[in-house]
Structure formats: structure tokens, C-alpha cells
Amino acid sequence: MRSIRLSRPAWVTTASERFEPLGILVRHAKLFAVVFISVLGLTALAYFATPVRYVATGTVLVGDPEPALTQTPGEALKAGDPADMESQLVIARSQRVMRRALSSDEAQAALQAECLAENGEGFGGDCERLFNRMDRLFDYTSTRFAIGAVGRSRVIDISYTSSEPQVAADMANALITAYLEVQRETVAEGQESAASWLRAEASSLNDQIRALDKLIADYRAENGLVRGASGPVGSERLTAISGQLAAAEAAQATASARLAEIRDVALGGSANSTAVLESRTIGDLKQRIIEAEAQLANAETSLGPAHPRLRARVDELRNLNSRLASEIERVTQNAQKQYEAATERVTLLSQQLNNAKTEVSTATGGEVFIEDTVRNAEIKRQQYADLAGRINQLEVERRVRSGNVRLVSEARVPTKPFFPKKVPFAAAGLTLALLLAAVAAFLADKLSPAPVPVTRSKETGSEADASLAPAAPFVEQPAESQAPRRALKFTAILPYIDAADDLDPSPASARLVADGLIRDPDARDALDEFSWIFGSAARSGDGPRAAQVVLVTSPSVGSGKTITTAAVAHHLAASGEKVLVIDCNLKRPLISEMLAPSLPHNHHLPQDPIVRTPVQGLDVVPPGYAKLVLPKSEGSARDLEELLGWARKDYGLILLDGPAATSADIFRLADHAEVVVVCATQDELDTDATRPLIADILASREVEIGVVVTMINFGRDRKPVLQPATDARLG
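First residue of the sequence shown? That's 1 in the UniProt record's numbering, and the numbers climb one at a time after it.
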């Protein structure tokens, strides 16, 4: 029983090792520790050497309405506006406010204490004549004050930085007090003159209103014009009569229509009118007539014309019809009376309406004059009320308003230093130490000597340094086995082959395997090197026939098998080799789309199974023909043998792009190949996914094995490794 062991070069990175920052830090741990400890030490030294500063902060609110006061629309619109906030910040930073704050006793005492604490540094060295040069003092304090808005709110913070906590609080409060006083004085200016002018205007309006009211009362008394609840009495009476007349005319029209309908019913002899049927008596009589007619009809079917019961039914029906006619006549008379009453009321109301119109027209002239006078009086009264309200508002504001800025909180004496703080300082030092230590480790690793890459000698084709070649997979025999061991055809480690950005992924164009396929120049050189080794190993044969048929497979889907086959075929054809590619992957027929994008992808295949590709010397057999000759039976195996026998005469190399090892077809195809190339990723080698495939192929087949490790991400200081594995052995 054969056992298979696959190994890889130690420097080739797996998927989990492609980024190894932790490994770099471990390799340069001493340098990392030295830089880290040094930076932490410098940070601690800077912390203890930095002077301690305290910051005291007070807060004011801009645009907040005063208690019991209302804002005008202009003030409400301006409150919180960014432009208004900027203007308030400019006022707070102005020399007027600053100098007023510095002139206060509280600020001068605080500055004297700070000058003594600082030994005159920043104050000119002379604390006794500190206030003789206010310009220097202003320059010093302006750099210590910090005035700014809090976010997008209407709050302004006023801060002062000092080495003495009490000085910081006193200076901040001095500036806040000066700022509030300036705002209060600005608001109070002009209020008294405005109030005086408003009082004069209000007095004039009051006299005019009194004169108009007296004129209206005298005119009404002279002309006998009396007003009701909503207007002159005559107008109200005219309105009421008009409404009553409209209702009476509507009732008259209704009574007339009802009377006409009843008369039409009486003339027609029918009692089916709505007006008639409204009478309960008529409805009962009609019901009884229907019942009597039904009984008479039943009696006529069984009794003779002179039968007493039949005659009684006839008399009863005649009596009911007579009563119905009498009831209809009574209803007609009632309708006539209602119509006459409605007509009489309409006539009466029409006369009253005419009389009211005459009265209203007589008093119209006087009412027009009165209405005009009343309207003028109301306008002046409204103006007087507005002026009186504004006067009262100005009086209240003059007494209680302190401006559009009010104090939120005074600056308190700070108990903790603002700078430096232990936690932020330690966090910054730790971060800086980690960053600089990591940078030093990475630079040291970058400047370390890189391994020497493997290159092929153009004259001999041998490797310049076989020590860096990848370890070849091999098969170990049991100790008692003396069977000869076959040489491994070749091993290769290929880079990750990525398509160019301007290519369509589906279907892939012929350019997919062109020189623009691989962006990295080192990767292109590696692919050219591998194509040379691949062609040399595939064409060298020890048996009676040349090794011309190569089967390419992989342990699983997605191992880079198809793109590797297409790239190798393209390079060999470009170097003058005549290559035939047979697409045997029925479930994923991708290689024919890569090499021959113009191939029709439908059921109508061309008669000739050989399809020419845009590359000179490279042909492909589409998957439709591969399906016909796939060796699933004895007859189909003979067909495949005939196709391969014919192809060996015209082609130097035949590539079978087979399915993955998960399909049983791969072992039937291996019976017709001289070389089997297994494309596997590094992860598949590490997890021994390739071992069962090689063991199954070698179990009963005389074939050569080649292993290609695909999709390796090389670093900038690494080169692809390629070798004909003549020294590696397969048991």
C-alpha cells in the first residue's frame, strides 16, 4: 500500500500566512521592545516636565427671551441665527469688552496674583507697574481667553487658562460680567426716547376717538336711527321677512304640486298617486279591495251568477270602491285648503317685504354716514391699543431686561488640571510607542536581506539555485517493497493569475490568455518558465510512444486548472508548438470559451470538430464533441482512441482539460494520457486533499505525474520557483 506525502517550501505563504505582521514583530521583538520602552520613558518625562494649566469656563446664552416678555418676529427670527452668533462672538472678543473686563478690580487683583506666580514671565518682568501698559496686558490676556460657541447651539463658553485655578475663575467671570453689562447698555439705549414719542401719539389718537364717538351718538339721536344686535333695526326686519317669504313660497309650490297630482288621480280613477297613498285610510281600503276581488274571482269559478254568496261578494266590492272614491275626494279638498292658505301667506309676506324695503331705503343715507364714521373710529381705536401695548412693553423691558444674553453658569474654581491629564497623556504615549515600535520593526524587516530567486539558465535550462526549489511530492514504498520508482515529471509553483480589468468575464475573450493576462512582470516570467518546463517534460518519453497527451485535473473546482491550461497552451503555441486542447469538462466547459470566443454556444455545432482559435497553432475541440467521444463505454473509448491517434500525427502536444477529481470521468480519461498534471492550491496541499487523487491515479496506470501549485501570492522580495523535478521520485 503506497503512502503519499506532499510538502512545500518553507517560505511559500499559505492563505493564513499571506499577511504576517505578527511574525515580523516576533522576529524583531528586541528592537520593538527597545523603541517601545524608550518612547514610553520620553512620554513620562514630558508629562512631569510640562507646566500644569487650569481652565475655568463660564457659560452665557444668546437670544433667550426674558421672563414675562414676548419677542418680536424679528427677534425670534434672529435668535440662534449663525450670523447673529458670529456677531455675538465678535462683540465678546472686542477690545471694548476686554478692556472693560481688565479695568475691574476683580480682574486686576487676579492678574497681579498671576504675575507674581509666573515671576513676571509674559508680563514684562515688572509686576508693580503691571497696569501702566494696558496694550501689553491686553495682548497677554487675549491669548489666555477662549471664546466660542458650543456646537450649533446658542450657548457661548468663555474660558481662561492660567497656572493658578483661582485666577482662571476670576478672569473668566470678569469677562462674562463685562460682556453682560455691554449687552444691557446696548439694549437700554433709545428705549426712553421711543417711549416718549409713543405716549404723544397715543394721546392724540385718544382725543380723535372721543370726538368720533360723540359725533356718532348725536347723529343717531337726530335721525332716529336705532341699531339692533347686528345692524339697523330696519335691515334686520327686512332680512327676517325675506327669509319668511322664501319659506312661504316654497310651501305654496309644494301645496300646488300636491293638489295637481291629486286632481290628476281623481280624473284618471286611479289611487296609486303618492299624495293619495300617504293616507292610511286609502291604503287600508286598497288592501281590502284587493282581497275582495280575489274572493270574487274564486267565487265565480264555483258559483253561478245568481248565487247569493256571489252577489254578496259583488256588493261588498262595490261598497269598497265607493268608500275609496269618497276618501280620495276628502284628500283632494284638504290639499285645496292647504294651497289656499299658502297662497294667502305669500301675499301677506310680500306686502310686508315691500314696506320694509321702503323703510330701509329711507334710512340708508344716514346709516352709510354712521358706518363710515364708526369704521374710522375703530381704526384709530386699534392704533391706540397697539401704541398702549408697546408703551407698556417698553416700560417693562426698561426695568427688567438685561439684553438678549443671559448668564447660564459662572466660572468655578477648577480642581483638576486641564493639561496635562494622566489618562489622555498615557493613552497618547502608549499609542505613539506602539506605532513607532511597529514602524521600526517593519523597517528592519524590510531592510533585511531577501532570499535569492531561482532563475533558469538560458543555455542549459537548469536552475541557478536548487536549494530554493519547492519540495516535490513523492510516494513512499514500504520497506519490503523493491519496486522501481519513477521520476516525477516536474513541479511548479505559479502565481495567482488574474484577468485584465478591461476583459469581459463571461464569455471570456481570446485576450484572456494573451500577454495582458498577467499584470505582474514577475508572474509573466514565471508563466513563460513553467511553459518551457511543461513542454520539455511532456515531450520527453521513455516508452514506445512519445508523451504527447497530457490530462490536466484538480482535486476540486476552483483550483486554477482551466486558466493554467489555457495560459500554457497559449504560450506553447506562441513559441511555435502546435497544440490541441480537448474540452472534456462537461459540467464547466470554460476553456473553449476562453480560447475560441467565437464558437457558437448552441446545439448546432460545426461539422469539423477542430475549431481554430485566434492564436496561430492553437486549436480546440468544443465540449459537444468531447461528450460524444467521452469514454463511458467500450465503443466510445475506441472513438476517443481514434481521435487521439489522428491528433498525434498533426499536433506536438494534446491537452485534455478534464473535470475535477470529484467526477469518475477523470480516471477513464487518465487511461489515454501519458502525463497527468494535478493543479492544486497550497491549502489543498496542506490539507492532503491532493494525496488520494495521486494515489488513485498511480494505483493501476502507467502515467507520469506533474504537480502545479497555483494561486500563490508572492511578495515583492520573492520570486516564483520552478523546477523540472528530475530528482524527486514517485514510488
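Note that CB positions come from ideal geometry on N, CA and C, so glycine has one too.
On a predicted model such as this, the values are computed, not experimentally measured, just so you know.
Supposed close pair residue i, residue j - CB separation, criterion 8 Å
i, j, result
"residue 550", "residue 582", "Incorrect: roughly 11 Å between the Cβ atoms, too far for contact."
"residue 324", "residue 286", "7 Å"
"residue 205", "residue 349", "Contact flag wrong, Cβ pair sits at about 47 Å."
"residue 236", "residue 346", "Between residue 346 and residue 236 the Cβ distance is about 22 Å, and since that is not below 8 Å, they are no contact."
"residue 685", "residue 552", "About 17 Å; that fails the 8 Å criterion."
"residue 414", "residue 165", "5 Å"
"residue 261", "residue 292", "At roughly 27 Å, the Cβ-Cβ gap does not stay under 8 Å, so residue 261 and residue 292 are not in contact."
"residue 384", "residue 202", "6 Å"
CA-to-CA distance, residue j to residue i, given in whole angstroms
i, j, result
"residue 652", "residue 579", "6 Å"
"residue 171", "residue 160", "6 Å"
"residue 353", "residue 213", "33 Å"
"residue 704", "residue 566", "21 Å"
"residue 433", "residue 89", "40 Å"
"residue 319", "residue 243", "48 Å"
"residue 678", "residue 643", "23 Å"
"residue 711", "residue 558", "10 Å"
"residue 427", "residue 44", "11 Å"
"residue 145", "residue 158", "7 Å"
"residue 410", "residue 156", "12 Å"
"residue 210", "residue 84", "45 Å"
"residue 239", "residue 372", "22 Å"
"residue 412", "residue 398", "31 Å"
"residue 648", "residue 641", "10 Å"
"residue 169", "residue 442", "49 Å"
"residue 335", "residue 259", "5 Å"
"residue 192", "residue 109", "37 Å"
"residue 447", "residue 438", "14 Å"
"residue 708", "residue 30", "39 Å"
"residue 740", "residue 683", "Lying outside 1 to 731, the shown extent of the chain, residue 740 is not represented and no answer is given."
"residue 470", "residue 706", "A caution first: residue 470 carries a pLDDT of 40, below 50, which makes its placement in the model too unreliable to give a value."
Residues near residue i in its chain [Cβ-Cβ closer than 6 Å; skip 5 each side]
i, result
"residue 573", "579, 615, 617, 618"
"residue 104", "174"
"residue 459", "Its pLDDT being 37, under 50, residue 459 is placed unreliably in this model, and the value from its coordinates should be taken loosely. The answer is none, since no qualifying residue turns up."
"residue 338", "255"
"residue 245", "349, 353"
"residue 47", "420, 425"
"residue 122", "140"
"residue 482", "Bear in mind that the predicted position of residue 482 carries a pLDDT of just 38, short of 50, making it too unreliable to give a figure here."
"residue 342", "251, 252, 255"
Neighbourhood of residue i by C-beta distance below 7 Å, restricted to the same chain and skipping five residues each side
i, result
"residue 480", "Bear in mind that the predicted position of residue 480 carries a pLDDT of just 38, short of 50, making it too unreliable to give a figure here."
"residue 374", "216"
"residue 281", "327"
"residue 24", "441, 442, 445"
Residue j beta carbon less than 8 Å from that of residue i
i, j, result
"residue 657", "residue 584", "yes"
"residue 113", "residue 167", "yes"
"residue 219", "residue 370", "yes"
"residue 289", "residue 321", "yes"
"residue 61", "residue 129", "no"
"residue 27", "residue 445", "yes"
"residue 162", "residue 54", "yes"
"residue 176", "residue 58", "yes"
"residue 440", "residue 555", "no"
"residue 195", "residue 395", "yes"
"residue 693", "residue 661", "yes"
Cut-off 8 Å between Cβ atoms - residues of its own chain near residue i, not counting five sequence neighbours on either side
i, result
"residue 120", "126, 127"
"residue 303", "309, 310"
"residue 611", "592, 596, 599, 619, 620, 621, 622"
"residue 659", "553, 584, 585, 586, 587, 588, 665, 666"
"residue 92", "147, 156, 158, 175, 179"
"residue 50", "419, 420"
"residue 96", "182"
Closer than 8 Å to chain C by CB, residue i
i, result
"residue 379", "Among the chains in the structure shown there is no chain C, since it carries only a single protein chain."
heavy atom of the ligand NAP below 7 Å from residue i C-beta
i, result
"residue 439", "Ligands in the displayed structure: none, and consequently the ligand NAP is not present."
Point to revise | At least three beta-carbon pairs within less than 8 Å, the stretch 146-155 to the stretch 123-137 | key: No, the stretch 146-155 is not in contact with the stretch 123-137.
Exercise for review: State whether the stretch 427-445 contacts the stretch 176-192, with contact taken as three or more CB pairs (one from each stretch) at a distance under 8 Å.
Suggested key: Contact between the stretch 427-445 and the stretch 176-192 is absent: fewer than 3 CB-CB pairs across the two stretches fall below 8 Å.
Check your understanding: When the Cβ atoms of the stretch 377-397 are set against those of the stretch 35-51, are three or more pairs found closer than 8 Å?
Key -> Under the 8 Å Cβ criterion, the stretch 377-397 does not count as touching the stretch 35-51, having fewer than three qualifying pairs.
Point to revise | the stretch 590-598 in contact with the stretch 667-674 per 3-pair CB rule at 8 Å | key: Proximity of the stretch 590-598 to the stretch 667-674 falls short of the contact definition, fewer than three beta-carbon pairs being nearer than 8 Å.
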